[in-house]
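Encoded as structure tokens, the structure appears first; notes follow it.
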Amino acid sequence: MISHNFKIKKIKFFWICFIFFFYSCKSITVLPTNKPISNVNINGLIDKININSLKFKNLKSRIRVSYDDGKKKEQIIVQLRIKSDEIIWLSATMLVPIAKVIILKDKFRFYEKFQKTFFEGDISVINSFLKTKINFNKIENILLGKSFVDLNNYSWKQISNSKNYILISKGKNNLFNPSLFFNPVSFLLEEQRIFLPDISEVLRVQYSNYINIEDNNIPQTIRMSIVYDGILRSIVIEWNNINFPEKLNFPFEIPKGFKKLKL
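Going by this note's numbering, the sequence shown runs without a break in its numbering and finishes at 266.
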């Protein structure tokens, strides 16, 4: 005859095994690890990523921009100023000032001094010229090491990888087919791949050398590359002298005598 105590112990053991099995089959809680966890809780991962997102009012930096298309290489120095979610302002120099650009939520303006030309128009003109579909927030996100798309507006699935948490989009809201690569320790974005439907090519953006300034993590090096017309083209952006001033101005005035471009 099996004792009452033995039955109780057996029932307890059964329930412990059941609970362990049940929870081990569920998505695993997200904690910093040297290697990505398979079957991670996607919503928990997104929460960790969002916590690390840049939060600032104004940003000012000096950046070096290098372009390479395999045939020619060019480099310019750019003064960059950003008012979060409102203004991106750039002033480019090659020993002397050569151009200025200002991007607003719905407008785009620039002028350049070589040909003495300028442009003013709706930001949709950039889409027509570059044969893609972008807006102010997407431009800002690429510059700041943030996901090209809003993580909370997409459905995601995890791809198994030994180095990064890789999220790929799924579902109907999937124009750009973004693939995102996050560091498993810092949860910072290390790479994103964005499909540009109008040219049927993938833009690859890599982020490295993150630096923490005033509790904001900024990638000091950004490399963008794409194969277009059979040629690998790349742009490397290197950040320097980053700060977050309380006040910042964005001077922009088109010089007299400049001719308007038709894009």
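Heads up, the beta-carbon is just placed ideally off N, CA and C, and yes, glycines get one too.
Since this is a predicted model, take the numbers as computed values, not measurements.
{"query": "Run of the beta strand (DSSP E) containing D71, from where it starts to where it stops", "result": "61-71"}
{"query": "Pick from F253, D71, Q209 that is closest to S150, judged by C-alpha positions", "result": "Q209"}
{"query": "Which listed residue (I240, K265, Y213, I126) has its alpha carbon closest to that of R226", "result": "I240"}
{"query": "Beta strand (DSSP E) runs wholly inside the stretch 45-128, at least 3 long, in chain order", "result": "61-71, 76-86, 90-97, 99-106, 110-115, 120-125"}
{"query": "Where E193 falls: helix, strand or coil (DSSP)", "result": "strand"}
{"query": "Distance, I105 Cα to I66 Cα", "result": "16 Å"}
{"query": "Spatial neighbours of F23 in its chain, beta-carbon cut-off 8 Å, leaving aside the 5 residues before and after", "result": "Note that F23 scores 36 on pLDDT, short of 50, meaning its location in the model is unreliable; the coordinates nonetheless yield the value given after this. For F23, where only same-chain residues beyond five positions count, there are no Cβ hits under 8 Å."}
{"query": "G267 burial status per 10 Å Cβ neighbour count (16 or more: buried)", "result": "Residue 267 lies beyond the range of the chain shown here (4 to 266); nothing can be said about it."}
{"query": "Length of the line joining the Cα atoms of Y213 and N167", "result": "16 Å"}
{"query": "Residues near F247 by beta carbon distance below 8 Å, same chain, minus five either side", "result": "F59, K60, N61, L62, K63, I216, E217, N219"}
{"query": "Reference N243; option with closest CA among I80, I257, G73, N55", "result": "I80"}
{"query": "Option in A95, L98, V99, G124 with minimal Cα separation from D109", "result": "G124"}
{"query": "Through-space distance from V230 to S203, alpha-carbon basis", "result": "10 Å"}
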